[in-house]
Amino acid sequence: MVDVDTFLTTLYVMVDDFCTLSLPPAPHPGPQAALSRSEVVTLALFAQWQGFGSERGFYRYAQRHLRTAFPALPRREQYNRQVRRQHAALVAFFLHLVQLLGAQRCAYEALDSSGVPTRDAKRRGAGWLPGLADIGWSNRLGWYEGVHLLLAVHPIGVITGFGCGAASTKDQPLAETFFADSIGFRGS
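Just so you know, we're using the working numbering here: the sequence shown kicks off at -10 and counts up by one.
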């Protein structure tokens, strides 16, 4: 098992090389961001890879343990804005990582689904993600308001595809839609 510092350093070097060589320079409207694009992508990936229980849990960990690596770590709200702003860079690096790990050359993939709770914001009109988020049942969560996520995963753990539907969507229709879309996508 690799220690956190080695993993984080390796991940940052990979992300920074990719961002420098493969992405156009990030536009800088307004004041300079607290973190660089490479730092934001690295932290966002690290938060997902370590499996923190919540976004708040990750950020508490980052404030306590990652200050030496990221001394300009902003407040959580600003960090979240920066992650949203770097969405395209995150997706591009994920696709690069899938190719780097050779996930397309596998004979099989596993499908799994999970409930993803979203913030309950009924006080603000139609709520958060109107038309997509609704109430559903998950064995892990019980009743929840959110979305139903379906993942295709390579045997070494690389996510090679995903689909998302309303929380009330059953597994079979979600999988049928996923396969119909992925066959068309892979055939192109």
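We put the CB at the ideal spot given by N, CA and C, even for glycine.
- Query: By how many angstroms is the C-alpha of His85 removed from the C-alpha of Tyr68?
  - Reply: 23 angstroms
- Item | Proximity to Val30 [Cα-Cα], best of Trp132, Val2 and Arg56 | Answer by Cα proximity: Val2.
- Outcome for Ser102 when other beta-carbon atoms lying within 10 angstroms are tallied against a minimum of 16: buried
- Task: May I ask you to report which of helix, strand or coil DSSP gives Phe(-4)?
- Result: helix
- Message: On the DSSP letters alone, give me the boundaries of the alpha helix (DSSP H) that Tyr133 sits inside.
- Response: Here Tyr133 belongs to no alpha helix (DSSP H); instead the beta strand (DSSP E) covers Gly131 to Val142.
- Query: Out of curiosity, what's the CA-to-CA distance linking Leu62 and Glu28?
  - Reply: Approximately 9 angstroms, taken between the alpha carbons.
- Less than 8 angstroms between the CB atoms is what I'm expecting for Phe82 and Phe7, so what's the real figure, rounded? That pair is a contact at about 5 angstroms.
- Task: Measure the beta-carbon distance from Ala156 to Gly131 and round it to whole angstroms, keeping in mind my assumption that it falls under 8 angstroms.
- Result: Not really, about 12 angstroms apart at Cβ, beyond 8 angstroms.
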